[in-house]
Each structure stands twice: as structure tokens, then as C-alpha cells.
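Engineer: I'd like to ask you about the structure that follows.
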Amino acid sequence: MNIREYFEIHPNIKYIIFGGKGGLGKTTLSAATSYWLSKRGKKVVVFSTDPQASLTDIFERNIFGKGEVEIAPNLYALEIDADKRIEEYQESIKRKIVEMYGEVPLEIEEYITSASAEPAMAESATFDAMVELMTSGKYDVYIFDMMPHGHAIRFLGMSQILDAWVDKVVETRKKPRSTAK
Amino acid sequence: MKESEKGRERREREVIKAAKSLVYGMAAHGMVSYALKTRMHLENLFMLITLGDMLGLPILPPYYTLRLIPYAVPHIKTWKRTLLRERDVTDLIVG
Chain A
1 MNIREYFEIH PNIKYIIFGG KGGLGKTTLS AATSYWLSKR GKKVVVFSTD PQASLTDIFE
61 RNIFGKGEVE IAPNLYALEI DADKRIEEYQ ESIKRKIVEM YGEVPLEIEE YITSASAEPA
121 MAESATFDAM VELMTSGKYD VYIFDMMPHG HAIRFLGMSQ ILDAWVDKVV ETRKKPRSTA
181 K
Chain B
182 MKESEKGRER REREVIKAAK SLVYGMAAHG MVSYALKTRM HLENLFMLIT LGDMLGLPIL
242 PPYYTLRLIP YAVPHIKTWK RTLLRERDVT DLIVG
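Protein chains in written order, with this note's numbering: chain A, 1 to 181; chain B, 182 to 276.
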């Protein structure tokens, strides 16, 4: 069965992930599939999670760090500038602290600034962008052009780790609330 | 109302207050202190899980914990002081 037949059998497919080893044609297939589906009337977004994104090359449009760019009718492409996203995110956190307390204490400001150098921050920013896009509900089909295989598996595995962490945080938060009320 | 009556009522109130304090001290104070202490430890644990890397404990990349920071700002100083001051048996042995 080829990809075309697969999509004809599954016309309501919403999320498509192209993964595999480097050089297999993930980006080529992501771009081609998104183009083909958009031609069939689906509103499609193709998102590169690869730090070495090459949708810019394949569509011959500079889309890096520019948000969702319309490439053709019904076809949108997105390449995340993770560093820029982290920077904007840090600024938004600082702004919120200023709104709440009038100023950002020095040690907190240093912590927020130094956080950008922490391991996996870029991956977390990309993951966050991916989740934000998926939950936006703006498109009929979401296509993800993943980074090479091992990296992609770890990247997608983040959801499980974060899920376990959030459960732990919520549980730890509930305990003191029910103690010494 | 006469001054002597007012004085008697005040004394009665003080006696009742003292009796209440006595009963609280005998029956509940230990439990309340214990519950408050437990709550403090649980609050510290919550801060440790969310902001542990502020003290050099890298639990997760801080991308998502940064989102919680604005709400934790007033407690961070006290939390860090409490946690860094904490000692246990092993500290006593090692010195």
C-alpha cells in the first residue's frame, strides 16, 4: 500500500508524524504529503521539529522563526526558532512577576536568565510549540517532520515524563492542602 | 451596669479563655504543631519538585517550572533558607 492509498482509506486522519533515520526523506515526504492534502481541500500545517529544519529549502521560502506561514492556499508551514521562543518566554515570565509584585528579585531574574542554558530547553520549547499547535484546532491535518530517529523518540517520550511529573506535582500540592486546614 | 459586675464578667471571660487554652494545650496543641510541621515539609517538598534546580537538583528542564515561578516568588527565600539549614543524622556523623 502506498501513502496515497493509505490516506484514501483513512480520510479523517488528523495527525501525521514522519520519522526515521537521517536522509530517509522525512522532510520531502512531509512537504509532498502536506501539499497533496492541501490540494484535496484539507487545511494543512506542516511543522518541522528538527533543529536543522529544511522546510525553508524545500518550499523555497524563508519561514524560520516566522510562525505559521501560508505557502499555498490551505497549506501552512512552521519552523520554530527555539532560542527566540525561549527568550520571549523568559520575558513573559519576568513581565508576569513585575505585574504581580512590581519588580523581579535579582536572584529570580538570574535564575530565569540562566535557565536558557539548561539542557533540553530548546527541545522543551519545540515540544511546547508542538502541543500548542496541536491543541489550537485551527487545521484539519497536522504534519510533523521529526528530527532523526533516536532524537525523535526521546523527544516524543518527553510527554510521558512530563505527565508523570505533573501527576507528582499535583499529588504533592494536594497533600499540604488537606493537612492542617 | 455596676463596675463590680463588669469586673466579674471580665474575670469570668478570662477564666473561660484560660480553661480553653489549658484544654487546647493538653489535648490538641501537640497534634496541631505536628500537622503544621507536616504541612511545612510537604510545602517544601512541592517547592523542591518544582524548583529543585534553583538549589542544584536538576529534576526536569526548567521550561515548565518557569511557568510556576511567578506564584512561588514570595516563598522562595524562606524555602531556600529552610532547606539549606536542614540537618539530619548523617550530617552529625560526618560533621
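C-beta: ideal position from N, C-alpha, C; glycine also.
#1: Quick check on the burial criterion: 16 or more other C-beta atoms within 10 angstroms. Buried or exposed for V166 of chain A?
#2: Got a sec? Which residues, its chain only, sit under 6 angstroms from S124 of chain A by beta carbon, not counting five neighbours each side?
#3: If we define contact as Cβ-Cβ less than 8 angstroms, is I257 of chain B a contact residue for chain A?
#4: Please list, in chain order, the chain B residues whose beta carbon lies closer than 8 angstroms to that of T172 of chain A.
#5: Please state whether DSSP places S48 of chain A in a helix, a strand or coil.
#6: According to DSSP, is L203 of chain B part of a helix, a strand, or is it coil?
#7: Counting only Cβ pairs nearer than 9 angstroms, list the residues of chain A close to Y205 of chain B.
#8: Run through the stretch 89 to 151 of chain A for me and flag every whole beta strand (DSSP E) of 3 or more residues, listed as ranges in chain order.
#9: Which chain D residues sit within Cβ distance under 9 angstroms of S124 of chain A?
#10: Under DSSP, the alpha helix (DSSP H) around E79 of chain A begins and ends at which residues?
#11: When burial is assigned at 16 or more other CB atoms within 10 Å of the CB, is P119 of chain A buried or exposed?
#12: Please report whether the beta-carbon of P51 of chain A lies at a distance below 8 angstroms from any beta-carbon of chain B.
#13: Taking DSSP's pairing of strands, which residues face F18 of chain A in a bridge?
#14: I want to verify the contact list: residues of chain A whose CB lies under 7 angstroms from the CB of R262 of chain B, in sequence order.
#15: Which two residues bound the contiguous beta strand (DSSP E) that contains A72 of chain A?
#16: Going by C-alpha to C-alpha distance, which of A:E91, A:L75, A:H10 and A:F59 sits closest to T27 of chain A?
#17: Which residues bound the alpha helix (DSSP H) around L37 of chain A?
#18: What residues from the stretch 89 to 112 of chain A come within 8 angstroms of chain B, judged by C-beta to C-beta, listed N to C?
#19: Considering just the uninterrupted stretch of the alpha helix (DSSP H) at H10 of chain A, what are its terminal residues?
#20: In terms of DSSP beta bridges, what is F64 of chain A paired with?
#21: Counting Cβ pairs closer than 8 angstroms, one from the stretch 136 to 146 of chain A and one from the stretch 32 to 51 of chain A, do we hit at least three?
#22: Please list, in chain order, the chain A residues whose beta carbon lies closer than 9 angstroms to that of I250 of chain B.
#23: For Y15 of chain A and L75 of chain A, which I take to be in contact (beta-carbon distance under 8 angstroms), what is that distance rounded to the nearest angstrom?
#24: Leaving aside the five residues before and after V98 of chain A along the sequence, list all residues of the same chain whose C-beta is less than 7 angstroms from its C-beta, in chain order.
#25: Can you have a look at Y215 of chain B and say buried or exposed, based on whether 16 or more other CB atoms are within 10 angstroms of its CB?
#26: If you measure between the beta carbons of I53 of chain A and F64 of chain A, is that distance less than 8 angstroms?
#27: I need the DSSP call for D57 of chain A, collapsed to helix, strand or coil.
Structural biologist: Per the coordinate set shown:
#1: exposed
#2: Taken in chain order, the list of residues that qualify is empty.
#3: So, interface residue.
#4: L223, L226, F227 and I230
#5: Residue state for S48 of chain A is assigned as strand, using DSSP reduced to three classes.
#6: L203 of chain B: helix per DSSP, three-state reduction.
#7: None at all; the shortest Cβ gap to chain A is about 15 angstroms.
#8: 141 to 145
#9: The structure shown contains no chain D; its protein chains are A and B.
#10: Membership of E79 of chain A in any alpha helix (DSSP H) is not indicated; the residue belongs instead to the beta strand (DSSP E) covering L75 to E79.
#11: exposed
#12: no
#13: According to DSSP, which records beta bridges pairwise, F18 of chain A is partnered with A:D145.
#14: Result: empty, since nearest Cβ-Cβ is about 12 angstroms, beyond 7 angstroms.
#15: V69 to A72
#16: A:F59
#17: Where L37 of chain A is concerned, the enclosing alpha helix (DSSP H) stretches over K26 to K39.
#18: Y89, Q90, I93, K96, I97, M100, Y101, P105, E107, I108, Y111 and I112
#19: Premise fails: H10 of chain A is in no alpha helix (DSSP H) and is neither H nor E.
#20: A:E79
#21: yes
#22: I93, K96, I97, I108, Y111 and I112
#23: For a cut-off of 8 angstroms, the C-beta gap from Y15 of chain A to L75 of chain A is around 17 angstroms, too long to register as a contact.
#24: Within the same chain, and ignoring the five residues on either side of V98 of chain A in sequence, the residues whose Cβ sits closer than 7 angstroms to its Cβ are V104.
#25: exposed
#26: Strictly speaking, residue 53 of chain A in this sequence is Ala, with Ile absent from that position. Cβ distance < 8 angstroms, so A53 of chain A and F64 of chain A count as in contact.
#27: helix
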